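Engineer: Residue numbers (the UniProt record's numbering): 6 to 255.
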Amino acid sequence: KAQVNAVNANLLTDKVILITGASDGIGKEAALEFARQGAHVVLIARSQDKLEAIYDEIEATTDTRPTLFPYDLNTLNPDIALEMAQAIQQEYGRLDGVLFNASILGSKTTIADYPAQQWLDVINTNLNSCFYLTQALLPLLETADAGRIVFTSSGVGRKGRATWGAYAVSKFATEGLMQTLADEVKDSSSVKVFAVNPGGTRTQMRASAFPQEAPETLPSAKQHMPLYRYLMSEQSDHCHGLSLDAYDYL
Ligand code: NDP
6 KAQVNAVNAN
16 LLTDKVILIT
26 GASDGIGKEA
36 ALEFARQGAH
46 VVLIARSQDK
56 LEAIYDEIEA
66 TTDTRPTLFP
76 YDLNTLNPDI
86 ALEMAQAIQQ
96 EYGRLDGVLF
106 NASILGSKTT
116 IADYPAQQWL
126 DVINTNLNSC
136 FYLTQALLPL
146 LETADAGRIV
156 FTSSGVGRKG
166 RATWGAYAVS
176 KFATEGLMQT
186 LADEVKDSSS
196 VKVFAVNPGG
206 TRTQMRASAF
216 PQEAPETLPS
226 AKQHMPLYRY
236 LMSEQSDHCH
246 GLSLDAYDYL
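(1) Spell out the partners DSSP gives Ala50 in its beta bridges.
(2) Can you name the residues that DSSP bridges to Ser159?
(3) Assess contact between the region 7–25 and the region 208–215, defined as three or more Cβ pairs (one per stretch) separated by less than 8 Å. Is contact present?
(4) For Ala44 and Asp118, what's the separation of their Cα atoms in angstroms?
(5) So, using beta-carbon positions, are Ser28 and Leu56 closer together than 7 Å?
(6) Just curious, the beta strand (DSSP E) that Phe199 is in, first and last residue?
(7) Excluding sequence positions up to five away, which residues of its chain have a Cβ less than 6 Å from the Cβ of Lys113?
(8) When we look at the beta-carbon of His229 and count the other beta-carbons within 10 Å, is it buried (16 or more) or exposed?
(9) In terms of alpha-carbon separation, which member of Leu125, Tyr137, Ala219 and Ala200 lies closest to Ala86?
(10) Once the 5 residues before and after Ser194 are set aside, which same chain residues still bring their CB inside 6 Å of it?
(11) Which term fits Asn131, buried or exposed, when burial requires 16 or more other beta carbons within 10 angstroms of its beta carbon?
(12) Starting from Ser175, trace the alpha helix (DSSP H) both ways and give me its first and last residue.
(13) For Val201 versus Thr157, is the C-beta spacing smaller than 7 Å?
(14) Can you find the residues in the same chain that come closer than 8 Å, C-beta to C-beta, to Gln140, ignoring five residues on each side of it along the sequence?
(15) Quick one: is Gly32 buried, meaning 16 or more other Cβ sit within 10 Å of its Cβ, or exposed?
(16) When you compare the CB positions of Ile63 and Phe39, do they come within less than 7 Å of one another, or not?
(17) Does His45 come out as helix, strand or coil in the three-state DSSP assignment?
(18) Roughly how many angstroms separate the alpha carbons of Phe177 and Leu186, rounded to a whole number?
(19) Am I right that Pro71 and Ala50 are in contact with their C-beta atoms under 8 Å? What's the rounded C-beta distance?
(20) Among Gly246, Leu48 and Ala90, which residue has its Cα nearest to the Cα of Ser192?
(21) Considering only heavy atoms of the ligand NDP, does any lie closer than 6 Å to the CB of Met237?
(22) Is the CB-CB distance between Leu46 and Tyr235 below 7 Å?
(23) With respect to 6 Å, is the separation between the Cβ of Gln209 and the closest non-hydrogen atom of the ligand NDP below this value?
(24) Thinking C-alpha only, which one of Leu125, Pro224 and Asp242 is nearest Tyr254?
As structure tokens, this is what we get:
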């Protein structure tokens, strides 16, 4: 915890980091924080307007060079993931980190009544997009000195809970993807792989999941940034394969 919270200016200088779900909540905060730390950020989300506002803020306040991919990850496939990897290679010639953060909640419905199309949408967005992008981006990450992949988990990705449906299942699978990949690359690659469970955080998704909750009782996305920037840095090698709770680092 002390290491994570130690102030390190420009920890991510000149790294290139892709962030999915970068238009709002935790992903937006990570985009701004990584850019403040010197990284060139590549931002994916559906909302072009929100991404452009973040682009403008980064351009106005840092010397870094962001790139936007306004894209719906529900429709991603291996070919498009490869095109994204090629575009990053062309623009920057490198990739140092990926934060898989985009997710949708889906219905709060029992498995018995869960709508089948929504099941597919949630699994595609939250899980399959991570698989396609991991396959496409791994070769590029492996050429970095200290490649990083941070997956985003949840409390319901470790213990199932009634009515969390496809979201919970997608998070269990995300933990599995992280662990499997971590084991595969542990001896052969400089890439380190982690998962983070942010825990209840003051965002739109949390407000939708818990409409009765007072948002001011929750930590902000910004409060989690020391952990995220630490994991993206060269100091986090020893965390390889771990699933971390962001609350432990507040
Ligand atoms: P938000 O709903 O605030 O933000 C989600 C982001 O994902 C937005 O930028 C959204 O952008 C993007 N996104 C959603 N669907 C798609 C899609 N189909 N294609 C591309 N981008 C998409 O969520 P949080 O910041 O709260 O959550 C971030 C991560 O943390 C998620 O993985 C979530 O599961 C996890 N988490 C959050 C907790 C919390 O309390 N907040 C607790 C536990 C885990 P756009 O709409 O523009 O596409």
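Just so it is clear, CB atoms sit at the ideal spot from N, CA and C, and this is done for glycine as well. Values in this document were obtained by computation on a predicted structure and should not be read as measured data.
Structural biologist: In short, the structure shows the following:
(1) Your numbering for residue 50 matches position 45 in the sequence shown. BP columns for Ala50 point to Pro75.
(2) Within the sequence shown, numbered from 1, the residue matching residue 159 stands at position 154. Note: Ser159 sits in no beta bridge, so no partner.
(3) no
(4) Along the sequence shown, read from residue 1 onward, the residue named residue 44 stands at position 39. Along the sequence shown, read from residue 1 onward, the residue named residue 118 stands at position 113. Cα to Cα, the separation comes out at about 44 Å.
(5) As a working mapping, residue 28 is identified with position 23 in the sequence shown. As a working mapping, residue 56 is identified with position 51 in the sequence shown. Yes, Cβ-Cβ distance for Ser28 and Leu56 is below 7 Å.
(6) Within the sequence shown, the letter at position 194 stands for residue 199. It spans Lys197 to Asn202 - the beta strand (DSSP E) in which Phe199 sits, taken as one unbroken run.
(7) Looking up residue 113 in the sequence shown gives position 108. Excluding positions up to five away in sequence, the list reads Thr168.
(8) Translated into positions along the sequence shown, residue 229 becomes position 224. Classification of His229: buried, given that the 10 Å Cβ count is 16 or more.
(9) Residue 86 sits at position 81 when you count from the first residue of the sequence shown. Closest option to Ala86, Cα to Cα, is Tyr137.
(10) For this step, residue 194 is matched to residue 189 along the sequence shown. Result list for Ser194: Glu147, in chain order.
(11) Here residue 131 refers to the residue found at position 126 of the sequence shown. Buried, since its Cβ has 16 or more Cβ neighbours within 10 Å.
(12) Numbered from 1 along the sequence shown, position 170 holds the residue referred to as residue 175. Run containing Ser175: Gly170 to Val190, per the alpha helix (DSSP H) assignment.
(13) As a working mapping, residue 201 is identified with position 196 in the sequence shown. As a working mapping, residue 157 is identified with position 152 in the sequence shown. It is a contact, given that the beta carbons lie within the stated cut-off.
(14) Numbered from its first residue, the sequence shown carries residue 140 at position 135. Only Pro83 and Ala86 meet the Cβ criterion.
(15) Residue 32 sits at position 27 when you count from the first residue of the sequence shown. Flag for Gly32 reads buried.
(16) Within the sequence shown, numbered from 1, the residue matching residue 63 stands at position 58. Within the sequence shown, numbered from 1, the residue matching residue 39 stands at position 34. No.
(17) By one-based count along the sequence shown, residue 45 stands at place 40. Correct three-state label for His45: strand.
(18) Residue numbering aside, residue 177 sits at position 172 when the sequence shown is read from its first letter. Residue numbering aside, residue 186 sits at position 181 when the sequence shown is read from its first letter. Roughly 14 Å between the two C-alpha positions.
(19) In the sequence shown, counting from the first residue as 1, residue 71 sits at position 66. In the sequence shown, counting from the first residue as 1, residue 50 sits at position 45. Not quite, the Cβ-Cβ distance comes to about 13 Å (not below 8 Å), so this is no contact.
(20) Mapped onto the sequence shown, residue 192 falls at position 187. Per the sequence shown, residue 192 should be read as Asp rather than Ser. Among Gly246, Leu48 and Ala90, the Cα nearest to that of Asp192 belongs to Gly246.
(21) Translated into the one-based positions of the sequence shown, residue 237 becomes position 232. Not under cutoff, so the answer is no.
(22) Within the sequence shown, the letter at position 41 stands for residue 46. Within the sequence shown, the letter at position 230 stands for residue 235. The amino acid at residue 46 is misidentified as Leu; the sequence shows Val. Cβ atoms of Val46 and Tyr235: not closer than 7 Å.
(23) Position 204 of the sequence shown holds residue 209. At least one heavy atom of the ligand NDP is nearer than 6 Å to the Cβ of Gln209, so yes.
(24) As a first step, residue 254 must be located in the sequence shown, where it is residue number 249. That would be Pro224, whose Cα lies nearest to the Cα of Tyr254.
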